[in-house]
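These notes concern the structure reproduced below.
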Amino acid sequence: MSAILALFAAYFAQGSPAERADLLIRNARIHTGDPAAPVARDMAIRGETIAAVGQDLAAWAGPGTRTIDAGGRTVVPGFIDSHGHVRGLGESLASLDFKGSASAEAAAAMVAREAAGRKPGDWIVGRGWDQTRWPGSAFPAADALDRAAPRNPVYLTRVDGHAAWVNRRAVEASDINAATPDPAGGRIHRDGKGSATGVLVDRAMRLVSARIPAAGPEQIQAFLSRGARECVRLGLTSVHDAGVGAAEIAAYEKLIAAGAMPVRIYAMIGGDGELWRSHLKSGPRTGSRLTVRSIKLMADGALGSRGAAMKEPYSDDPGNRGLTVTAKQTIERVAKEAVDRGFQVNTHAIGDRANRDVLDAYAAALGGRNDRRFRVEHAQVVSLADIPLFARYSVIASMQATHATSDMRWAEARVGPDRIEGAYAWRRFLDAGVRIANGSDFPVENANPIEGFHAAVARGGWRLSQRMTREEALRSFTADAAYAAFEERVKGRLMPGMLADFAILSGDILSIPEPEIPRVKVLTTVVGGRVEYEARP
Ligand SMILES: [Zn+2]
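For the sequence shown, my numbering gives the first residue as 5, with consecutive numbering after it.
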């Protein structure tokens with residue numbers, strides 16, 4: 005009798021007999037993220053959500069069930085990129101990509117090939133150059149692009165998005181001349197006579213980029229769609245889109261209505277302009293495919309272009325303390341508006357001065373511990389004494405592991421041996437009780453979360469005391485990223501009732517030898533119970 009009861013109990017624990025799975029994953033090594041049952045073998049999905057996770061869910065198979073035999077492969081919660089730019093990713097896939105170009109001349113040669121197929125006057129746009137990877141590491145100049153494309157304006161964004169390399173045609177299309185002052189928060193590289201030499205930093209970029217014909221609604225949809233498809237190919241099931249405008253929100257809505265948005269989007273409103281004002285009136289909006297409840301502000305520039313705001317001058321550029329892009333008072337005002345209306349504030353801060361300013365501005369609005377989940381995006385170089393302030397005000401550090409592996413060649417030259425202690429300092433943040441939401445800042449870095457996971461645990465061998473454990477790294481790309489969007493009840497773990505967002509991997513990133521991690525491939529990506537990507541066998 006008791007044996008029958010036990011059998012009965014076991015049966016009901018796996019679900020009622022009337023239920024059948026729409027999708028059944030069998031024979032997998034499922035990393036659930038559930039501390040009570042971290043590894044499981046089978047998972048049953050009904051509709052958009054997980055119905056059961058267990059050791060043997062054969063009883064869930066019915067005539068309408070699609071069963072995937074994982075053959076012992078690994079299943080992880082769908083990766084969440086806490087800081088990416090979906091449109092930028094789509095644009096970069098559709099435009100000239102200078103990542104990996106070996107010199108300014110090699111980049112210019114690519115531009116020349118592009119110009120050969122273009123009409124005179126057409127803008128040639130690209131991104132991804134990085135002078136620190138070129139001989140001499142000097143910033144490039146306009147004349148190489150003048151020779152490559154004498155009849156086309158050229159605008160090439162640096163890998164970090166914080167500087168542009170332009171040619172004379174592009175400068176002529178703007179109002180820049182020798183008498184033009186540097187705009188607040190920006191810098192025009194100049195020669196001895198004051199003329200622009202072809203590099204524009206941070207807020208100076210707009211002087212030229214504003215002249216590039218804007219993409220229309222269809223083109224924006226095409227960029228978002230292409231970026232989103234790339235995300236699911238890489239096992240991402242949600243992306244926090246770090247700075248969108250009304251045009252992107254409208255395009256997302258169209259794609260979602262058409263059933264053509266494979267990833268879920270947590271959108272940050274880009275800046276405190278008109279879109280922010282209108283959302284302050286209407287309040288946050290949440291949805292299963294698109295949520296808008298946060299604003300993205302920019303406190304400073306980036307470290308590579310020496311635009312990051314530092315308390316003391318750059319170690320390799322005495323006299324330069326970087327750029328303040330948004331005044332502390334503005335951040336404080338927006339933070340208070342956000343608290344009043346239930347929004348989250350996510351502010352880009354890379355230098356130690358910017359980080360401290362943002363923390364002070366947040367503190368004025370938050371007062372102490374809270375559940376507002378305000379974030380600092382990047383938190384890249386932080387004074388050791390300021391790291392505990394993140395915990396004191398419950399601020400999330402939204403960091404990007406691959407920034408460390410990309411910057412490690414020159415980061416210490418920028419900030420010197422003392423400040424480097426608080427740079428990309430994941431271990432110090434975790435030990436201080438700070439939650440880290442991980443991401444890539446794609447297309448600045450590759451969108452591949454497995455590359456990010458590997459950087460988080462291996463750091464390219466650099467300053468290993470600050471690495472994460474594999475469990476921490478996975479959590480930062482899943483459950484803690486979900487938490488950073490107020491979504492931890494539905495995303496980031498594989499448990500009954502949660503959304504069926506997951507990826508099947510070719511290897512177990514929690515147990516294989518570390519050097520093998522980068523070779524792990526995503527075989528299948530499932531979003532809301534729907535297979536959105538399957539690798540060709
Ligand atoms: Zn970004």
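Every residue, glycine too, gets a C-beta built ideally from N, C-alpha and C.
Cα separation between residue i and residue j?
| i | j | result |
| --- | --- | --- |
| A14 | L61 | With a pLDDT of 46 at A14, under the threshold of 50, the modelled position of that residue is not reliable, and no figure is offered here. |
| T161 | K285 | 35 Å |
| L307 | G263 | 39 Å |
| K103 | V448 | 9 Å |
| V530 | L211 | 43 Å |
| R173 | D150 | 8 Å |
| V349 | D375 | 12 Å |
| N156 | V461 | 45 Å |
| E382 | L527 | Before going further, note that residue 382 is His rather than Glu in the sequence given. If I take the Cα positions, the gap works out to 30 Å. |
| G88 | V236 | 13 Å |
| D403 | A63 | In the sequence as displayed, the identity of residue 403 is Met instead of Asp. Spanning the two alpha carbons is a distance of roughly 43 Å. |
| S444 | A401 | 13 Å |
| G94 | A219 | 13 Å |
| R497 | G533 | 14 Å |
| L11 | E491 | Bear in mind that the predicted position of L11 carries a pLDDT of just 46, short of 50, making it unreliable; the figure below should be weighed with that in mind. Spanning the two alpha carbons is a distance of roughly 35 Å. |
| G372 | Y270 | 26 Å |
| V494 | R293 | 13 Å |
| A32 | A167 | 46 Å |
| N442 | V380 | 12 Å |
| G2 | P322 | This structure does not reach residue 2, given that the chain is present from 5 up to 541, and the question cannot be answered. |
| I391 | T473 | 20 Å |
| A365 | V267 | 33 Å |
| A56 | D411 | 43 Å |
| A405 | A451 | 11 Å |
| L9 | A369 | Residue confidence for L9 is low, a pLDDT of 48 falling below 50, so the modelled location carries little weight; the figure read from the coordinates is stated next. L9 and A369: Cα-Cα distance of roughly 56 Å. |
| Q18 | T36 | At Q18, the pLDDT of 49 sits below 50, so the modelled position is not reliable and the matter cannot be decided from this model. |
| I513 | L478 | 9 Å |
| S105 | W133 | 7 Å |
| R577 | F506 | The question about residue 577 has no answer here: the residues shown for the chain are numbered 5 through 541. |
What three-state label does DSSP hand residue i in the structure shown?
| i | result |
| --- | --- |
| S6 | For S6, the predicted model reports a pLDDT of 49, less than 50, meaning its position is unreliable; a value from the coordinates is still stated below. If DSSP states are grouped into helix, strand and coil, S6 belongs with the helices. |
| L514 | coil |
| N350 | strand |
| V163 | coil |
| G247 | strand |
| F506 | strand |
| E491 | coil |
| S83 | One point to set straight first is that residue 83 is Phe, not Ser, in the sequence displayed. The answer is strand: DSSP assigns F83 an E or B state. |
| K300 | strand |
| E23 | coil |
| Q225 | helix |
| W280 | helix |
| M472 | coil |
| T295 | strand |
| S242 | strand |
| R30 | strand |
| Q333 | helix |
| D73 | strand |
| E449 | coil |
| I216 | coil |
Which same chain residues end up closer than 7 Å to residue i when comparing Cβ atoms and leaving out the 5 residues on each side of it in sequence?
| i | result |
| --- | --- |
| S6 | Per-residue confidence for S6 stands at a pLDDT of 49, beneath the threshold of 50, marking its modelled position as unreliable; no derived number is given. |
| G130 | S99, L100, D101, F102 and L160 |
| V425 | Reading off the sequence, residue 425 comes out as Glu, not Val. Hits under 7 Å: L388. |
| A427 | Q384, V385, A415 and V419 |
| E455 | T406 and P522 |
In chain order, what residues of the same chain lie with their CB nearer than 6 Å to the CB of residue i, ignoring the 5 residues before and after it?
| i | result |
| --- | --- |
| K525 | S510 |
| R325 | M314 and P317 |
| D357 | A small fix is needed here, since residue 357 is Arg in this sequence, not Asp. Excluding positions up to five away in sequence, the list reads A313, M314 and K315. |
| Y397 | Y366, A367 and L370 |
| L28 | A48, W64, A65, T69 and T71 |
Got a sec? Which residues, its chain only, sit under 8 Å from residue i by beta carbon, not counting five neighbours each side?
| i | result |
| --- | --- |
| V175 | A146, A200, G202 and V212 |
| A113 | A152 |
| G437 | A395 |
| P139 | S107 |
Say yes only if the C-beta of residue i is nearer than 7 Å to one or more non-hydrogen atoms of ligand 3, and no if none qualify.
| i | result |
| --- | --- |
| D195 | With respect to small molecules bound, the structure shown includes ligand 1 and not ligand 3. |
Exercise. Taking any heavy atom of ligand 1 as the mark, which residues have a C-beta closer than 5 Å to it, listed down the chain?
Worked result: Those satisfying the condition are, in chain order, A246 and D445.
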